[in-house]
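First residue of the sequence shown: 91, per my numbering; consecutive thereafter.
We put the beta carbon where it would ideally sit given N, CA and C, even for glycine.
For reference, the structure discussed in these notes is given below.
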Amino acid sequence: MSSPLGKFGTKLSSIAQGNVSKVLVLSGLVLFMLYVFMFSPPNYQPSDLLTSLKQKLPIINAYPSSTPPPITNAPTNVSHIMFSIVGSMNTWKYKRHYSESWWRPNVTRGHVFFERPPSAELLPWSDSSAPFRVNEDITGFAVYPRIKWPDQVRIFRTVMESFREGDKDTRWFVMTDDDTVIFVDNLVKTLGKYDHKKHWYIGMNSECVKSNFDFSFDMAFGGAGYALSYPLAALVAKRLDGCIERYPYLRVSDQMLFSCLADLGFSITHEMGFHQIDLRGDASGYLSYHPQTPLLSLHHIDLIDPIYPNMDRPTAIKHLMMAGAVDQSRLLQQTICYHRPSNWTFSMSWGYSAHIYEAIMARSYLKRPLETFRPFERARAPIFMFNTRWGVFDNPCEAPHVLYFESIEKDGEDRIVTTYLRKWARNLPPCSSYGNHSAESISKIRVFSSAKLPLEPGGAECCDVKMLDMNVTEVNYRPCYSGEVMA
Ligand SMILES: *[C@@H]1O[C@H](CO)[C@@H](O)[C@H](O)[C@H]1NC(C)=O
Ligand SMILES: *[C@@H]1O[C@H](CO)[C@@H](O)[C@H](O)[C@H]1NC(C)=O
Ligand SMILES: *[C@@H]1O[C@H](CO)[C@@H](O)[C@H](O)[C@H]1NC(C)=O
Ligand SMILES: *[C@@H]1O[C@H](CO)[C@@H](O)[C@H](O)[C@H]1NC(C)=O
Ligand SMILES: *[C@@H]1O[C@H](CO)[C@@H](O)[C@H](O)[C@H]1NC(C)=O
Numbered sequence: 091m092s093s094p095l096g097k098f099g100t101k102l103s104s105i106a107q108g109n110v111s112k113v114l115v116l117s118g119l120v121l122f123m124l125y126v127f128m129f130s131p132p133n134y135q136p137s138d139l140l141t142s143l144k145q146k147l148p149i150i151n152a153y154p155s156s157t158p159p160p161i162t163n164a165p166t167n168v169s170h171i172m173f174s175i176v177g178s179m180n181t182w183k184y185k186r187h188y189s190e191s192w193w194r195p196n197v198t199r200g201h202v203f204f205e206r207p208p209s210a211e212l213l214p215w216s217d218s219s220a221p222f223r224v225n226e227d228i229t230g231f232a233v234y235p236r237i238k239w240p241d242q243v244r245i246f247r248t249v250m251e252s253f254r255e256g257d258k259d260t261r262w263f264v265m266t267d268d269d270t271v272i273f274v275d276n277l278v279k280t281l282g283k284y285d286h287k288k289h290w291y292i293g294m295n296s297e298c299v300k301s302n303f304d305f306s307f308d309m310a311f312g313g314a315g316y317a318l319s320y321p322l323a324a325l326v327a328k329r330l331d332g333c334i335e336r337y338p339y340l341r342v343s344d345q346m347l348f349s350c351l352a353d354l355g356f357s358i359t360h361e362m363g364f365h366q367i368d369l370r371g372d373a374s375g376y377l378s379y380h381p382q383t384p385l386l387s388l389h390h391i392d393l394i395d396p397i398y399p400n401m402d403r404p405t406a407i408k409h410l411m412m413a414g415a416v417d418q419s420r421l422l423q424q425t426i427c428y429h430r431p432s433n434w435t436f437s438m439s440w441g442y443s444a445h446i447y448e449a450i451m452a453r454s455y456l457k458r459p460l461e462t463f464r465p466f467e468r469a470r471a472p473i474f475m476f477n478t479r480w481g482v483f484d485n486p487c488e489a490p491h492v493l494y495f496e497s498i499e500k501d502g503e504d505r506i507v508t509t510y511l512r513k514w515a516r517n518l519p520p521c522s523s524y525g526n527h528s529a530e531s532i533s534k535i536r537v538f539s540s541a542k543l544p545l546e547p548g549g550a551e552c553c554d555v556k557m558l559d560m561n562v563t564e565v566n567y568r569p570c571y572s573g574e575v576m577a
């Protein structure tokens, strides 16, 4: 006759001697912990340190009582965003047109922050610029002698100074540079995905592996712009000068914020539409193969070639904004389609470029940027944070015919027509492995897209190609059929 206890006894006895003692130690520990939790004496006190911490710090989801949260679930709109543009009086004259290209007077809210008041020639302050603020003087701070890069601390403190300008209706604080272009409609839509009552640090790292390696892959690069939700900005504003005490030696304000947030227990949420543009030269291969996500920003516009040929930089940005003013949801979004009779692949970057390949190319391959650009700093491979296509420019089957966005118009109520023109000949023989069909004669592409249905963030469209004659092609965007294979 074996009782359950007996079985337990035999099992126990079959366990090696060492394990038995481990079991005994563990059960002892469990009993002890039970005792501590259930019967801890009523006069038990946590350490003084813990008590003082608890008294000083409100729990993390609480709002500061002076600024109650907006009791509204209305969709996020442009009035809910407080922008801060990091500027410098020394360069404002040359850089002001970048922020003026996206700033909407009396619509966008926020300020450009300077190290000193504007010089006389800039006064009265232009209506088309963001209103200005002068950052607080930090030279009197006790920590000042330990600060290695005072200008970076000034910039870092902008988060707090901007927070003080916000009100109860502010949901997001967006920081950006004076040489950054922001795509406001897309940003509003993107931030609207997130619960602004929670803690969010939303941004993007650099295109270059080395920049991320040197700082952090998890740091939001400020030139690309980043967003802090109200509760997180409130927390940072409160703790900011303490961060400066801990990190007076850091070289870049973005690093200070990143370190400060990490100390508070927060990490980045990446949004791939923010672009630091740590690139040089011709960025067209990057802009023509944008990731499948809304375009949010472009930084370092003055360090790359003008984004459209035969234009200076400000004109080129205005040209892009002209398309963006009509439909930001599609701006730079890639749409791929095929023309079977001639074995061609079309890759359009809406409002920017149209590329024709004399071959049928897989989308997975065609989504890789064409490496027309260089990194801003020499580095060992892998250089970029994404796959590229390189060494293809003298291969007739891999090099595209390139057309650039020229004009945009409404076609009735329902359709938008964007026109793309060829600026130069490709100067290569046709691709023979796909039947020798030269696309050299195509000088113009007209693209029809919906004026009524914006492209859903992260969505893709399908398209059909129609040859009008030797020289002109029409591409019609349409929703993809459910499960349609685009190959
Ligand atoms: C944004 O939404 C708020 C409600 O939360 C509303 O009061 C305000 O008028 C809206 N602003 C715009 C520009 O639509
Ligand atoms: C902005 O608003 C102010 C006063 O409300 C007005 O004087 C000014 O003309 C407006 N500016 C623009 C560009 O609408
Ligand atoms: C398209 O290319 C394939 C080979 O890749 C070839 O067999 C076919 O004949 C070509 N079609 C035309 C219309 O040239
Ligand atoms: C393609 O055209 C080239 C001349 O441009 C010719 O040498 C070659 O034989 C042609 N190939 C085919 C498959 O027709
Ligand atoms: C097409 O373009 C070529 C030059 O590339 C030109 O000679 C020809 O006349 C054009 N044809 C039409 C129909 O416009």
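**Prompt:** residue 469 and residue 279 look like a contact to me (Cβ under 8 Å); what is the Cβ gap, rounded to whole Å?
**Reply:** About 34 Å separates the two Cβ atoms, so there is no contact after all.
**Prompt:** Do residue 195 and ligand 2 come close, with the Cβ less than 7 Å from some heavy atom?
**Reply:** The answer is yes for residue 195.
**Request:** Using DSSP bridges, identify the partner residues of residue 564.
**Result:** In the DSSP output, where bridge partners are listed per residue, residue 564 has 536 and 556.
**Asked** On the three-state DSSP scale, how would you describe residue 574?
**Response** Coil, per DSSP.
**Asked** Per DSSP, which one or two residues make a beta bridge with residue 360?
**Response** Residue 360 is bridged to 293.
**Asked** Got a sec? Which residues, its chain only, sit under 7 Å from residue 493 by beta carbon, not counting five neighbours each side?
**Response** Closer than 7 Å at Cβ, skipping near neighbours: 443, 444, 510, 511, 512 and 535.
**Message:** Check for me: the alpha helix (DSSP H) holding residue 332 runs from which residue to which?
**Reply:** Where residue 332 is concerned, the enclosing alpha helix (DSSP H) stretches over 320 to 336.
**Asked** Where residue 377 and residue 367 are concerned, what is the direct C-alpha to C-alpha distance, given to the nearest angstrom?
**Response** So the alpha carbons of these two residues sit roughly 10 Å apart.
**Request:** Let me know the secondary structure DSSP gives residue 412 once reduced to three states.
**Result:** It is helical.
**Asked** Can you tell me the Cα-Cα spacing of residue 408 and residue 187, whole angstroms?
**Response** Cα to Cα, the separation comes out at about 10 Å.
**Prompt:** How big is the Cα-Cα spacing for residue 240 and residue 538?
**Reply:** Distance between the alpha carbons of residue 240 and residue 538 is about 52 Å.
**Message:** What residue range does the alpha helix (DSSP H) around residue 243 cover?
**Reply:** It spans 240 to 246 - the alpha helix (DSSP H) in which residue 243 sits, taken as one unbroken run.
**Prompt:** Hey, which unbroken runs of the beta strand (DSSP E) at 3 residues or more fall wholly within the stretch 455 to 516?
**Reply:** If only uninterrupted beta strand (DSSP E) runs of at least 3 residues are considered, those enclosed by the stretch 455 to 516 are 463 to 465, 491 to 501 and 505 to 512.
**Asked** Where do the ends of the beta strand (DSSP E) carrying residue 387 lie?
**Response** 387 to 389 is the span of the beta strand (DSSP E), which, as asked, contains residue 387.
**Asked** For residue 405, does the three-state DSSP call read helix, strand or coil?
**Response** The three-state secondary structure of residue 405, taken from DSSP, is helix.
**Item:** Proximity test, residue 264 beta-carbon vs ligand 1 heavy atom, cut-off 7 Å
**Value:** Not one heavy atom of ligand 1 is found less than 7 Å from the C-beta of residue 264.
**Prompt:** Is it the case that the Cβ atoms of residue 233 and residue 203 are separated by a distance below 8 Å?
**Reply:** No, the pair does not count as a contact, with Cβ atoms beyond the cut-off.
**Asked** Just the Cα atoms here: how many angstroms apart are residue 392 and residue 375?
**Response** Approximately 17 Å, taken between the alpha carbons.
**Item:** Sequence-ordered residues whose beta carbon comes within less than 5 Å of a heavy atom of ligand 3
**Value:** This selection yields 433, 524 and 525.
**Prompt:** Roughly how many whole angstroms lie between the Cα atoms of residue 156 and residue 325?
**Reply:** With a pLDDT of 49 at residue 156, under the threshold of 50, the modelled position of this residue cannot be trusted, and the question is left open.
**Message:** When you compare the stretch 184 to 198 with the stretch 217 to 235, are there three or more beta-carbon pairs, one atom per stretch, that lie closer than 8 Å?
**Reply:** Enough Cβ pairs lie closer than 8 Å, so yes.
**Message:** Within a Cβ cutoff of 7 Å, which residues of the same chain sit near residue 421, ignoring the five residues on either side of it in sequence?
**Reply:** For residue 421, where only same-chain residues beyond five positions count, the Cβ hits under 7 Å are 273, 385, 413, 414, 440 and 441.
**Asked** Quick one: what's got a C-beta closer than 7 Å to residue 389's C-beta in the same chain, skipping five residues either side?
**Response** Contacts found: 267, 269, 270, 313, 314, 365, 366 and 367.
**Item:** Three-state secondary structure (DSSP) of residue 204
**Value:** Looking at residue 204 - three-state DSSP - the assignment turns out to be strand.
**Prompt:** In chain order, what residues of the same chain have a beta carbon less than 6 Å from the beta carbon of residue 562, not counting five sequence neighbours either side?
**Reply:** For residue 562, the CB contacts under 6 Å within the same chain, skipping 5 residues up- and downstream, are 534 in chain order.
**Prompt:** If you draw a straight line from the alpha carbon of residue 490 to that of residue 340, how long is it in whole angstroms?
**Reply:** When rounded, the distance between both Cα atoms is 44 Å.
**Request:** Please classify residue 312: does DSSP put it in a helix, a strand, or coil?
**Result:** Residue 312: coil per DSSP, three-state reduction.
**Item:** Option in 342, 497, 551 and 450 with minimal Cα separation from residue 246
**Value:** It is 342.
**Prompt:** Would you say the beta carbon of residue 342 comes nearer than 7 Å to a heavy atom of ligand 1?
**Reply:** No; taking the cut-off as 7 Å, the Cβ of residue 342 has no heavy atom of ligand 1 nearer than that.
**Message:** My output table needs one value for residue 423: the three-state DSSP class, helix, strand or coil.
**Reply:** Coil.
**Request:** Can you tell me the Cβ-Cβ gap for residue 448 and residue 531, rounded? I've got them flagged as a contact below 8 Å.
**Result:** Not quite, the Cβ-Cβ distance comes to about 12 Å (not below 8 Å), so this is no contact.
**Message:** Let me check understanding here. Comparing Cα to Cα, which of 424, 577, 462 and 483 lies closest to residue 567?
**Reply:** Per the Cα distances, 424.
**Prompt:** Which residues bound the alpha helix (DSSP H) around residue 445?
**Reply:** No alpha helix (DSSP H) holds residue 445; the beta strand (DSSP E) holding it covers 443 to 447.
**Item:** Three-state secondary structure (DSSP) of residue 278
**Value:** If DSSP states are grouped into helix, strand and coil, residue 278 belongs with the helices.
**Item:** Of the listed residues 238, 167, 495 and 547, nearest to residue 398 (C-alpha basis)
**Value:** Measuring from the Cα of residue 398, the nearest candidate turns out to be 495.
**Asked** Assuming residue 466 contacts residue 370 under a Cβ cut-off of 8 Å, what Cβ separation, rounded to an integer in Å, is found between them?
**Response** Confirmed, Cβ separation roughly 5 Å.
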